[in-house]
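Residue numbers (full-length UniProt numbering): 1 to 658.
Worksheet: the structure to be examined is printed underneath.
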Ligand code: ATP
Ligand code: MG
């Protein structure tokens, strides 16, 4: 490192607030700070701003119907079709030749669908689904990897008013069966396989195994042929080849059905990081308006953009911000099949350079991996097309934020750290990139019109600096309407904790811990279940993790509480050293110091275990429950939902070793 670079690093390290660059502000979709007041004063009518981004077949009578809270209804009386909004209207506006989806396979092949192409494909598949007998309101399960046929199938379902339920391709056969059973779904669209790190992966065997666990008759299964000769598979009687069926319907025209604003658009089972999957129900009007509005105001999407959300469509992030939000706004959205380090660790940067990506949205876990790999990979590419960066899924610690800001954004792109959930449908707490100052490590203020607060156990707002819980005291259009076929669990899970039924005051509880600062910026501390109680002090695991990964030489860390005879619980740290560093006494000492400096002696780690990997769920979130069991010396629970089950034994062998 030269002296100049070293002083630049030092300056960045100390800087706590960053203003959006002038060049960004000048062109941003939303720049008037008055929007916060405007939304507060005109609530709930302010949400017409979101609804106005859509084309309605029948305009709505009421913005918000709260007569049966917390079963809120939005834009009641309105009718629209999501596929019409994502496709036809852009074609009618003359954008038929604009790229809608730019798909890239792991081996390098690409497919480009213009809005015109995509509409034609969607109509052909919608006709196919109808032929198979799919009717309005039938739930169609889509168990598919990142192939273009996935968004095509989603939009085809939307076109005929059949809600989809996408099951992440990395999930097990069992997970597929559970979800099909829960949704009474009689139709499945799946795929023979896909590529991972250059290998052809068999997916159809897993799908077939899952089908055996379905407790009702499955009438039809459509199979996309992704692997061709690479994988031989046979189709049983009710299984059909996607291409054959679609070829028969080429050129078909299928009118988009008029859906009530409150009709279900899709079901999405949450990732299950914390327990039994919940079938989150999202609707056509409110959800789509909210995905479009947040895509417009937070991701700053414009029709001429090339935009890339490097998530999987199997998660809500992919639903809202690869498919529905960007397509409703007429943007070009990038879809990548594979892993970020295949064939090499610069794959993503290579795609950004080649496609001239304007806006890039990813997860902190990915950013920490990029950091670990080193700056030489992004440095090989010209990333100057980027205008805005985003993160979602977990808190991003300041060191990773600054790395992203400098090495990917070249200090010229604002970063939006977006807090939201499967249940919220879209972003809830984040800065508006053309307005707010950014503070690395804190998500930001609630979006305009969003009643997010930080409260104590009694529901009273906490003082700045105090830890508490996030709650949302006003409904919003993108909110889940219920858990599928389980209104009771919907109430128990999200509303019971802080609502007062007698006074009809309903407060949504996302089950995340947080704190708030003097400017109203909210820092998420992690799930309520992840709070550790050391000698009566409540500590947020994510806050300690952020302190540990703030130490030079540590790439990623997980912190959990383990049983302790005296303290009740003690802090255990599992950490991955950065490339070029060794996990040893020196690094351990610095990790402990990092925690002491930023939190205090109460959070002093009992043990720091270095490991090359952490156990992660398929969505990339750390499975803390397992690490807790290891720390407490308990028998280990089910590890089958892990992406990397082998690491658990390796880690367990090390604990207590030194
Ligand atoms: P499940 O609810 O099934 O256990 P999950 O909560 O991991 O799984 P998601 O809905 O995908 O499923 O994740 C939402 C959660 O992710 C939030 O409640 C929060 O804990 C975390 N999260 C998301 N974005 C952020 C962010 N920007 N900062 C901090 N935490 C975040
Ligand atoms: Mg959750």
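Glycine included, every Cβ here is placed at the ideal spot set by N, Cα and C.
Terminal residues of the continuous alpha helix (DSSP H) containing residue i?
i: residue 626; result: 624–632
i: residue 90; result: 89–92
i: residue 371; result: 364–373
i: residue 649; result: 646–654
i: residue 118; result: 115–132
i: residue 209; result: 204–212
i: residue 180; result: 173–183
i: residue 325; result: 325–328
i: residue 597; result: 585–598
i: residue 671; result: The question about residue 671 has no answer, for the chain in this structure spans 1 to 658.
Please tell me whether residue i and residue j are closer than 7 Å, where the distance is taken between their beta carbons.
i: residue 326; j: residue 301; result: yes
i: residue 648; j: residue 612; result: no
i: residue 149; j: residue 173; result: no
i: residue 159; j: residue 246; result: no
i: residue 372; j: residue 558; result: no
i: residue 480; j: residue 280; result: yes
i: residue 278; j: residue 270; result: yes
i: residue 82; j: residue 284; result: yes
i: residue 20; j: residue 433; result: yes
i: residue 292; j: residue 53; result: yes
i: residue 335; j: residue 103; result: yes
i: residue 534; j: residue 573; result: no
i: residue 632; j: residue 529; result: no
i: residue 618; j: residue 170; result: yes
i: residue 136; j: residue 252; result: no
i: residue 443; j: residue 419; result: yes
i: residue 289; j: residue 100; result: no
Examine ligand 1 and report whether any of its heavy atoms sits within less than 6 Å of the Cβ of residue i.
i: residue 11; result: no
i: residue 310; result: no
i: residue 514; result: no
i: residue 280; result: no
i: residue 393; result: yes
i: residue 375; result: no
i: residue 714; result: A question about residue 714 goes unanswered here, because the residues of the chain that appear run from 1 up to 658.
i: residue 331; result: no
i: residue 418; result: yes
i: residue 363; result: no
i: residue 558; result: no
i: residue 541; result: no
i: residue 443; result: yes
i: residue 178; result: no
i: residue 471; result: no
i: residue 270; result: yes
Verify the contact flag: residue i, CB atom, against every heavy atom of ligand 2, threshold strictly below 6 Å.
i: residue 421; result: yes
In terms of residues, what are the limits of the beta strand (DSSP E) holding residue i?
i: residue 533; result: 531–534
i: residue 101; result: 99–104
i: residue 706; result: There is simply no residue 706 to check, as the chain begins at 1 and stops at 658 in what is shown.
i: residue 240; result: 239–241
i: residue 550; result: Looking at the DSSP string, residue 550 is not in any beta strand (DSSP E), and its letter there is neither H nor E.
i: residue 281; result: 279–283
i: residue 610; result: 607–610
Considering only heavy atoms of ligand 4, does any lie closer than 6 Å to the CB of residue i?
i: residue 524; result: For the structure depicted, ligand 4 is absent and the ligand set comprises only ligand 1 and ligand 2.
Count the C-beta pairs between the stretch 471–483 and the stretch 55–62 that are closer than 8 Å, then say yes if the count reaches three, no if not. no
Can we say the stretch 421–441 touches the stretch 507–525, given the rule of at least three CB pairs closer than 8 Å? yes
Would you say the stretch 113–133 touches the stretch 211–227, given that touching needs at least three Cβ pairs under 8 Å? yes
Within the chosen definition, does the stretch 65–85 reach the stretch 305–322 through at least 3 CB pairs nearer than 8 Å? no
Count Cβ pairs between the stretch 357–374 and the stretch 85–101 that sit closer than 8 Å; are there 3 or more? no
Counting Cβ pairs closer than 8 Å, one from the stretch 591–598 and one from the stretch 387–403, do we hit at least three? no
Whether or not the stretch 23–40 and the stretch 235–249 are in contact is what I'm after, with contact meaning three or more pairs of Cβ atoms, one per stretch, closer than 8 Å; do they touch? These segments do not touch.
Quick one: any contact between the stretch 441–454 and the stretch 479–499, if contact means 3 or more CB pairs under 8 Å? In short, these stretches do not touch, since the Cβ pair count stays below three.
Can we say the stretch 193–212 touches the stretch 118–125, given the rule of at least three CB pairs closer than 8 Å? no
Contact between the stretch 597–605 and the stretch 627–646 is defined here as three or more beta-carbon pairs at a separation below 8 Å; is this criterion met? no
Do the stretch 140–149 and the stretch 188–199 make contact, defined as three or more Cβ pairs closer than 8 Å? yes
Within 8 Å, do at least three Cβ pairs link the stretch 104–115 to the stretch 324–344? As far as the Cβ criterion goes, the stretch 324–344 touches the stretch 104–115, which means the pair count is three or higher.
Would you be able to state if there are at least three C-beta pairs under 8 Å between the stretch 32–47 and the stretch 461–471? These segments do not touch.
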